[in-house]
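Accompanying notes for the structure given below.
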Amino acid sequence: MSRLSDGGMIDRETTLNFTFDGQPMVGHPGDTIASALLANGQHLVARSIKYHRPRGIMSAGLEEPSALVTVKDETGSTPNLKVTEVSLRDGLEVSSQNNWPSLTHDRGATLALGGKSLSSGFYYKTFKWPRKAWQTTYAPIIRKAAGHGEVDATPDTALYDKRRKACDVLVIGSGATGLSAAITAAQSGATTIVLEQDSILGGTLLSSDATIAEQTATHWAEDAADALVSLSNVTVMTSTLAFGQYDHGLVQAVEQQTAGSAARSILWKIRAQKIILAAGAIERPIVFPGNDRPGIMLAGALQTYVRRFAVVPGKRAVVAVAEPNARADTIRALEHAGVEIAACLNAGDQILSTQGRLRVSGLTWRNTQGHRQKVTCDLVAMSAGWMPTAHLFAQMGQPLEFDAYTQSLLPPQTDGPLRPVGGARGVLNLRDCIADGKIAAHQVLAELQMHKHLSLTPPASTARPPQGFGSGKGKAFVDFQNDVTRDDIALAQREGYTDIELTKRYTTLGMGTDQGKTSWTNGILEIAALTGEDPAKIGHTTYRPAYSPVSLGTLIGTEVGEQMLPTRRTPFHGGFEKLGCVYQTSGDWLYSRYFPKAGETMEQAITRECHAVRRGLGCVDMSTLGKIDVKGPDALEFLSRLYCNNFAKIKVGRLRYALMLREDGYVFDDGTIARLSDTHFMVTATTANAGSVWRHMRKSAQLDWPELDVVLTSVSDHWASLAIAGPHARNLLTALNPDFDVSRPGFPFASVRAGHLGGLPVRVFSVSFSGELSYEINVPAGFADTLLSRVIAGGEQWDITPYGLETLDVLRIEKGHLSIGTEVDGRRTPADLGLGGMVSHTKDFVGRALLQRKALQKDNRAQLVGLESKDGATPIPIAAHLSTTPLGNGGPMQTCGYLTAAIHSPTLDHPIALAFLEDGQNRTGEVLWAHSPIAGKSVQVRVTAPCAYDPKGERLNA
Amino acid sequence: MLLIPCPHCGPRDEGEFTYGGPKSRLPALDLTADTQDWHRALHVGRNARGPLTEIWYHSSGCETWIEVTRDTATHQILNKAKGGST
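So the protein sequences, as listed, match chains A and B. Add 435 to a position in the first sequence, counting from 1, and you land on the number used in our numbering. Add 22 to a position in the second sequence, counting from 1, and you land on the number used in our numbering.
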């Protein structure tokens, strides 16, 4: 074990067992996978994406570019996790990625021997011919050789949740800056939320040996954390990564739940008045030849592993840290761990190369006097400076600006809801960070009028290291995750890909799961050094959420399977279930489809149900129709403006079929308007448009014609609606004991009656979608069961047959009635549908003006027609296209229309169809071809009127 | 995700609303308006950078249509939203 005997923030009392590539290893609560691997002496953890070079753990945070692994637990395996982001749990199976046959002997590494062969654009330049070979040969090989971990294809059994919060002040990050800002905000009484990606508060304080107010930094952090947790106006959320900033103070964060929780993670949407971004800074690696070997780590990460995790990271170290104070701090940490300092490089030294196969074993450099030096080592601590973590700021579109003083991309001054402070705006000194957090909190509190304005001057950002290190020639990595070297960036500049966006895409610099966290600033400085351009003019590519990868499961949350959409059931659902109903999903609805008897196929059931309606009695659920109650002195005027037909003379107790157009003149919806009193109407909308018609009416009433005195109420869910249809419908209505006249003259077609059926309060509408004598009986939804059982019992003598959506469709096709979404598809005028005569010429209405457009008035538009097969027997294929000629094999052919519905009519006992046909209304009797290349069928059909059954509508008045 | 000030319900998430497009003044329904009038009202937008008055329907709330003036460049909401009744 490479662990110090005491110290660190780990629970040595408890041992956690895990495996790495099958090797058993141990760690403690408080460890990350990274610290546990290092404590087990495991530096080599990955192979790089392109060259398959051995890679180790470079950082101690989310910026880790190299050490990606697949982690398996009881819920399955997850690829591409950074070892630095996963808290160690007992029983984890950790495996390395992108190597074959093993991590230590990776055949893919032989590719790397070719050296420059895999430079930028290599694939594009090399695998150009033969053309087909890219798909068949090259791509599969390259995809196998390059890439990250593999997705676990088994269903994810873990649960996820989504929740919301709101607060006055949201503090992101809990280092010195964040804690000081949070305490300042909390003490003023502001509701405060603190988000910390790590499992405990403290940030870099946890790996600092500084003292604050005569306390160790760690104790200061603990005290501050205790103070925050004890305040009722503060919510502290650890293991919670704020990954994106959105409009109006919205921050999205993902909270990882501890093992044993019901959910694996929770997606938080937090709306804050002010956001203090105290996310700190990321250390910048040094670009030098061989800078990617395992054992070469960021200096700050080494301090973390030694001080927070009590890891002994190696035996002999070379320290290459540009900033003098940081250099001293690193040496203190390494010496504390008993690491021998083999050499400490001075600013200006030129690093020439490193040695070692699976781990660094030596480093060669030329000192400022020009002498070549070489030492053996198993550890290199490197640091070229720090880069602010201002990603969440930049995500909103305002660019970061390269600042020569700090040599980093800094957020500009802002008065937006999010304020970068501390390390996130280049303030690195501990005391300055504490002051900056406090001042930023005072500032936002003053803006929220929760504190008086204090004229405090924020501390200046910290100057860059006075001088860096030089570098020799060789494979010097800039982007470790994507294997982008200095030479690749140079090549891109030489080949003309000089724009920063092009450089990124040509070289893949800054792509991948780390999105260039450790590489971007170095990339800009490399381009500047190569081209002599001012780094401030190079700019940066677009920052987008997520800051760090968020799993799809987290984003989806609970919206999977049956939880994806609400399932709506009509009030008759339970009753129909007892009648043997088979259901189908129709929009949100679970709708009755058909009612098979024992041994019946669906086709047999549909035929039986159709015959029952045409010859005897059937009943069907109509509850999903939209029902809108329209009341007020101007109700008739309101409806008259909305619908295109004229119904000004509609009498109380009567109803009309009505057609609603969109503003652009196309048909929107159809329904019935029933007049219940002078100033009271009930209007129906189709199931599919129930929501949109309601919304349209609300808009008209509220915004377009506020002068009309009308009140709208959606009563769709309040009424259960059951239609009884068939020659015996009136007999059944009579048998249900109405307290109103239901005789033919007393209750004619297209009427409405309110009253009671055997005591049940009802509204009965004499309307018909089936073409038979029919009554839609509406009862308050709570009476649905009672109504259904009375209808079934009362209809028994006429063998009442419940029917569903399938039969409803067959019956309406026989009648040539319209279906929304099939015939009414948003491109039809009333005339196209054979309803041109309904359009009023004496009043104005929505859609009138634009219906007059020339193209909508052309007389040879595609129009609704009926079809029957020419021989009266051959089935007509669904979705066929119409043509005047037989199907040729000479490529595309001229069509003149297409089918919207095709059935074998049970009533007429021959195939019929509905279709849109160019100039169709003038082509009755013409014989055409219906081609369905998909079904492999072509059938000769004869054009008829849309209504194939009872065209005069005599059965309605039976 | 915008935070939309509903005059009836207070500030609410955009997800509760249905977008209704830029506010347009529809021609009067008195048989005088012609195709061009409606074409201009419905199809010809300015698409300007800056303040734009739009209509939003608070579908998961009070079910009223409200008018919101939003800066198309910054998403800043400039008015105190006013809503319909009924």
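Glycine residues also receive a C-beta, built at the ideal position from the N, C-alpha and C atoms.
Rounded to the nearest whole angstrom, the CA to CA distance from A782(A) to M817(A) is 12 angstroms.
Closest by C-alpha distance to V1065(A), out of A1120(A), T1148(A) and F1082(A), is T1148(A).
Excluding sequence positions up to five before and after A925(A), its CB lies within less than 6 angstroms of the CB of L965, all in the same chain and listed in chain order. Scanning its chain for C-beta atoms nearer than 6 angstroms, with the 5 sequence neighbours on each side dropped, one finds around K952(A) the residues E498 and I717, in chain order. In this structure Y1238(A) touches E1044(A) by the C-beta definition: roughly 4 angstroms separates them, less than 8 angstroms. Nearest to P1312(A) by alpha-carbon distance, out of V1376(A), R1358(A) and I959(A), is V1376(A). E1072(A) and T1221(A) have their C-alpha atoms spaced approximately 38 angstroms apart.
Listed in chain order, the alpha helix (DSSP H) elements of length 4 or more contained wholly in the segment 800–888 of chain A are 826–829 and 865–882. Check the Cα spacing between D1354(A) and each of P1368(A), S1340(A), T1330(A) and D871(A): the tightest is with T1330(A). Neighbours of D59(B) in chain A, taken as residues at a C-beta separation under 9 angstroms, are given in chain order as A1284. Interface annotation for the segment 1071–1104 of chain A against chain B: R1076, E1098 and D1099, criterion Cβ-Cβ distance under 8 angstroms.
The C-beta separation of L641(A) from T653(A) comes to about 6 angstroms, placing the pair in contact by the 8 angstroms criterion. At a cut-off of 8 angstroms between beta-carbon atoms, L100(B) makes no contact with chain A.
Taking all protein chains in view, the Cβ of S440(A) is surrounded by fewer than 16 other Cβ atoms within 10 Å, so the residue is classified as exposed.
For the segment 865–887 of chain A, the beta-carbon criterion of a distance under 8 angstroms to any beta-carbon of chain B is satisfied by none of its residues. Non-local C-beta neighbours of V1017(A) in its own chain, meaning closer than 6 angstroms and more than five positions away in sequence, comprise R1028 and Y1029, ordered along the chain.
Remark: C-beta atoms of D508(A) and R488(A) do not approach each other more closely than 8 angstroms. Taking a C-beta distance under 8 angstroms as the contact criterion, E1241(A) and M946(A) do not qualify as a contact pair. Within its own chain, the residues whose Cβ lies closer than 6 angstroms to the Cβ of P847(A), once the five positions on either side in sequence are excluded, are E836, listed in chain order.
The segment 1265–1285 of chain A makes contact with the segment 45–63 of chain B: 3 or more CB pairs, one atom from each, lie closer than 8 angstroms. Shown here is that no member of the segment 843–860 of chain A has a Cβ falling below 8 angstroms from a Cβ of chain B.
At a cut-off of 8 angstroms between C-beta atoms, G42(B) counts as an interface residue with respect to chain A. Take the alpha-carbon of W1129(A) and the one of A1136(A): they are about 11 angstroms apart. In the DSSP annotation of this structure, the continuous segment of the beta strand (DSSP E) that includes C1054(A) starts and ends at G1053 to D1056. In the three-state scheme derived from DSSP, where H, G and I count as helix and E and B as strand, Q916(A) is classed as coil. If one requires a minimum length of 3 residues, the beta strand (DSSP E) runs lying completely within the segment 563–641 of chain A are 595–607 and 627–630, in chain order. Sequence-distant partners of G1193(A) (beyond 5 residues in either direction) whose C-beta falls short of 7 angstroms from its own C-beta, in its chain, are L1171, N1172 and R1225. Taken in chain order, the unbroken stretches of alpha helix (DSSP H) that lie wholly in the segment 750–809 of chain A and span 4 residues or more are 759–771. In the DSSP assignment, the residues bridged to I1212(A) are L1157(A) and V1199(A).
Chain-ordered listing is empty here: chain A has no CB closer than 8 angstroms to the CB of H30(B), the nearest sitting near 12 angstroms.
In the three-state DSSP reduction, R447(A) falls in the coil class, being neither helix nor strand. Taking 8 angstroms as the cut-off, the Cβ atoms of L64(B) and D1099(A) count as close. Residue range L685 to Q691 is occupied by the beta strand (DSSP E) that includes V689(A), with no alpha helix (DSSP H) assigned at that position. From the listed residues R1004(A), L1014(A), K1013(A) and Q1039(A), the smallest Cα separation to W1024(A) is found for R1004(A).
For the pair G443(A) and C868(A), the CB atoms are not nearer than the 8 angstroms cut-off. Within the segment 1115–1142 of chain A, the residues whose Cβ lies closer than 7 angstroms to some Cβ of chain B are R1130, R1133, K1134, A1136, Q1137, L1138, D1139 and P1141, listed in chain order.
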